[in-house]
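In what follows, a single structure is set out as structure tokens and then discussed.
Number of protein chains: 2
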Amino acid sequence: MARTTGSSGPRTLAAIHEAGLQLIYTKGYDAMSLRDLAAKVGLQPGSLYNHINTKQELLFDLIHNHMVALMERVDEGLAGIKDPRKRLEAFIAFHLTYHIERKREVFIGSAELRSLEPKNRKRIVNLRRDYENRLADILEAGVAAKKFKTADIRVSTYAILAMLTGICTWYSPKGRIDSDALIAVHTRLVMQGVMP
Amino acid sequence: MARTTGSSGPRTLAAIHEAGLQLIYTKGYDAMSLRDLAAKVGLQPGSLYNHINTKQELLFDLIHNHMVALMERVDEGLAGIKDPRKRLEAFIAFHLTYHIERKREVFIGSAELRSLEPKNRKRIVNLRRDYENRLADILEAGVAAKKFKTADIRVSTYAILAMLTGICTWYSPKGRIDSDALIAVHTRLVMQGVMP
DNA sequence: TATAAAAACGATCATACGTTCATTTAATTG
DNA sequence: CAATTAAATGAACGTATGATCGTTTTTATA
Chain A
-17 MARTTGSSGP
-7 RTLAAIHEAG
3 LQLIYTKGYD
13 AMSLRDLAAK
23 VGLQPGSLYN
33 HINTKQELLF
43 DLIHNHMVAL
53 MERVDEGLAG
63 IKDPRKRLEA
73 FIAFHLTYHI
83 ERKREVFIGS
93 AELRSLEPKN
103 RKRIVNLRRD
113 YENRLADILE
123 AGVAAKKFKT
133 ADIRVSTYAI
143 LAMLTGICTW
153 YSPKGRIDSD
163 ALIAVHTRLV
173 MQGVMP
Chain B
-17 MARTTGSSGP
-7 RTLAAIHEAG
3 LQLIYTKGYD
13 AMSLRDLAAK
23 VGLQPGSLYN
33 HINTKQELLF
43 DLIHNHMVAL
53 MERVDEGLAG
63 IKDPRKRLEA
73 FIAFHLTYHI
83 ERKREVFIGS
93 AELRSLEPKN
103 RKRIVNLRRD
113 YENRLADILE
123 AGVAAKKFKT
133 ADIRVSTYAI
143 LAMLTGICTW
153 YSPKGRIDSD
163 ALIAVHTRLV
173 MQGVMP
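Keeping their order, the protein sequence lines are chains A and B. For the first sequence, the residue numbers in my numbering are -17 to 178. For the second sequence, the residue numbers in my numbering are -17 to 178.
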């Protein structure tokens, strides 16, 4: 056999990305073999190389795509909001919504950072720092305006991000609680936490 | 060559555990080969099997030892404290202190859960649930006594644990901030967060 | 001190891995 | 519609991996 009827490059690549997300999310990057991946897509292992260059590059692309989308959408979500409290609320709602929608990408983006080659890792870490700074800037503005209070903005930033990102490890949309309630609980915890 | 002078079983096993912690913490379980591990300990790969049964069992032992110690010490740390607020403060301080001291074990305990075989994973997940319940119970008692308020105890439990556990991914004792200040910032965030 | 047990070596096994390649067939293009 | 490009096959390569085993030497035991 050779090229199969109906095969199309972009569609196969999308299938590889989707299957890769699923497998890396559940098994981890190292534990996912390209044979696993090919089987899930319905290809022979060698055929993957018509669409990807290396396994490492696939991982990088998955994480990088996610980070770029994250940065774009956080800026959309905060655009036009001035008041620090409103900005913080908007950030919380955005962050949780995004992390519910794309929990596989988010999880991989942190759990598999270590699996990236140094050069690739640096690029992702830089993007992540940019994202962290979105929150840090909000906190700083709020503290300056005496609407928030914290002994250490950097630590608070990490703490809040850790809290909000934690849902990736346990939340399921099918569970007992819906996303609005989830956002409400977290919003209250954070807003009261940084209150003067 | 054969048995080396001065070699002792327990000492070698301890060295294997220490090297294993270090390697799994930095590279991940799958990425650590038993050849890496043996080299770090100063053994031939085959010699590891005088001390461990399988790679999987080594991982399980590392995580299990940690979970057992965690449960023991949290109960020590909470013993005799009655007031929900005091209990919550004690829990926060204990959790952060332990997670600073043993951040490699803690990190492995969550990041490598997926690398455990189902049977082993279940045992660890059960222990983790017990630990989560320590916090959930404190929150519940506080809500019952009208000293805390939250729309959902389970979600708050996860959120607070995620926040407190987050330090494992970034905190270094050599950094700008010392552990007392770290505890102070987190305590304020949480205590205000659950305030009525 | 004789004997058994423990702890190391070094070679090796079977398997699984990421990747390459010549080849074949389908889809696209001029 | 002919020529080119794209997308698949299946076999294979070299390497790395977890684990086993017979052997040897040291330590512990009776």
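For glycine and all other residues, C-beta sits at the position ideal for the given N, C-alpha and C.
Neighbouring residues, chain B, relative to residue i (Cβ below 8 Å)
i: residue 67 of chain A; result: Per Cβ cutoff of 8 Å: no residues; residue 67 of chain A is ~15 Å from chain B at best.
i: residue 97 of chain A; result: 10, 13
i: residue 41 of chain A; result: What residue 41 of chain A touches in chain B: nothing, since even the nearest Cβ is about 13 Å away.
i: residue 109 of chain A; result: Near residue 109 of chain A there are no residues of chain B at all, since even the closest Cβ is about 16 Å away, more than 8 Å.
Cβ neighbour criterion (16 or more within 10 Å) applied to residue i
i: residue 93 of chain A; result: buried
i: residue 156 of chain A; result: exposed
i: residue 116 of chain A; result: buried
i: residue 100 of chain A; result: exposed
i: residue 124 of chain A; result: buried
i: residue 15 of chain A; result: exposed
i: residue 23 of chain B; result: buried
i: residue 66 of chain B; result: buried
i: residue 126 of chain A; result: exposed
i: residue 97 of chain B; result: buried
i: residue 138 of chain B; result: buried
i: residue 163 of chain A; result: exposed
i: residue 50 of chain A; result: exposed
7 Å Cβ cutoff met for residue i and residue j
i: residue 106 of chain B; j: residue 118 of chain B; result: no
i: residue -2 of chain A; j: residue 33 of chain A; result: yes
i: residue 179 of chain A; j: residue 144 of chain B; result: As displayed, chain A neither begins before -17 nor continues past 178, which places residue 179 of chain A out of reach and without an answer.
i: residue 150 of chain B; j: residue 88 of chain B; result: yes
i: residue 7 of chain A; j: residue 84 of chain A; result: no
i: residue 76 of chain B; j: residue 62 of chain B; result: no
i: residue 172 of chain B; j: residue 130 of chain B; result: no
i: residue 2 of chain A; j: residue 40 of chain A; result: yes
i: residue 161 of chain B; j: residue 45 of chain B; result: no
i: residue 102 of chain A; j: residue 42 of chain A; result: yes
Option in the options with minimal Cα separation from residue i
i: residue 169 of chain B; options: A/27, A/5, A/133; result: A/133
i: residue 4 of chain B; options: B/18, B/129, B/131; result: B/18
i: residue 154 of chain B; options: B/11, B/78, B/103, B/-4; result: B/78
i: residue 11 of chain B; options: B/-8, B/95, B/46, B/113; result: B/95
i: residue 54 of chain A; options: A/113, A/70, A/71, A/64; result: A/113
i: residue 180 of chain B; options: B/-4, B/64, B/90; result: Beyond the ends of chain B as shown, which are -17 and 178, falls residue 180 of chain B; an answer cannot be given.
Inter-residue Cα distance where the pair is residue i and residue j
i: residue 21 of chain A; j: residue 120 of chain A; result: 46 Å
i: residue 68 of chain B; j: residue 146 of chain B; result: 17 Å
i: residue 73 of chain A; j: residue 80 of chain A; result: 10 Å
i: residue 29 of chain B; j: residue 35 of chain B; result: 11 Å
i: residue 142 of chain A; j: residue -14 of chain A; result: 50 Å
i: residue 158 of chain B; j: residue 140 of chain A; result: 14 Å
i: residue 104 of chain A; j: residue 27 of chain A; result: 29 Å
i: residue 111 of chain A; j: residue 110 of chain B; result: 30 Å
i: residue 128 of chain B; j: residue 178 of chain B; result: 7 Å
i: residue 167 of chain A; j: residue 31 of chain B; result: 50 Å
i: residue 165 of chain B; j: residue 38 of chain A; result: 38 Å
i: residue -6 of chain B; j: residue -16 of chain B; result: 15 Å
i: residue 25 of chain B; j: residue -4 of chain A; result: 46 Å
i: residue 71 of chain B; j: residue 122 of chain A; result: 26 Å
i: residue 64 of chain A; j: residue 174 of chain B; result: 25 Å
i: residue 0 of chain A; j: residue -8 of chain A; result: 12 Å
Residue i Cβ short of 6 Å to the ligand GTP heavy atom set
i: residue 20 of chain B; result: This structure lacks the ligand GTP, and indeed carries no ligand of any kind.
Closer than 7 Å at the beta carbon, the chain A residues around residue i
i: residue 174 of chain B; result: 174, 175, 177
i: residue 44 of chain B; result: Within 7 Å Cβ-Cβ: nothing; residue 44 of chain B doesn't reach chain A, min ~17 Å.
Contacts of residue i in chain B (Cβ-Cβ under 9 Å)
i: residue 77 of chain A; result: Near residue 77 of chain A there are no residues of chain B at all, since even the closest Cβ is about 13 Å away, more than 9 Å.
i: residue 167 of chain A; result: 132, 133, 134, 137, 138, 141
Listed by chain order, chain B residues near residue i by CB distance under 7 Å
i: residue 159 of chain A; result: 134, 137
i: residue 145 of chain A; result: 141, 144, 145
i: residue 148 of chain A; result: 140, 141, 144
Chain A contact residues for residue i, given Cβ-Cβ distances below 8 Å
i: residue 1 of chain B; result: The premise fails here: residue 1 of chain B is roughly 18 Å from chain A at the closest Cβ pair, so nothing lies under 8 Å.
i: residue 93 of chain B; result: 93
i: residue 118 of chain B; result: Ordered by position in chain A, no residue passes the 8 Å Cβ test against residue 118 of chain B, which lies about 13 Å from the chain.
Neighbour list for residue i in chain A, Cβ cutoff strictly below 9 Å
i: residue 163 of chain B; result: 133, 134, 137
i: residue 5 of chain B; result: Under the 9 Å cutoff, chain A gives no residues; its nearest Cβ is about 12 Å from residue 5 of chain B.
i: residue 227 of chain B; result: No answer is possible for residue 227 of chain B: it lies beyond the span of chain B, which begins at -17 and ends at 178.
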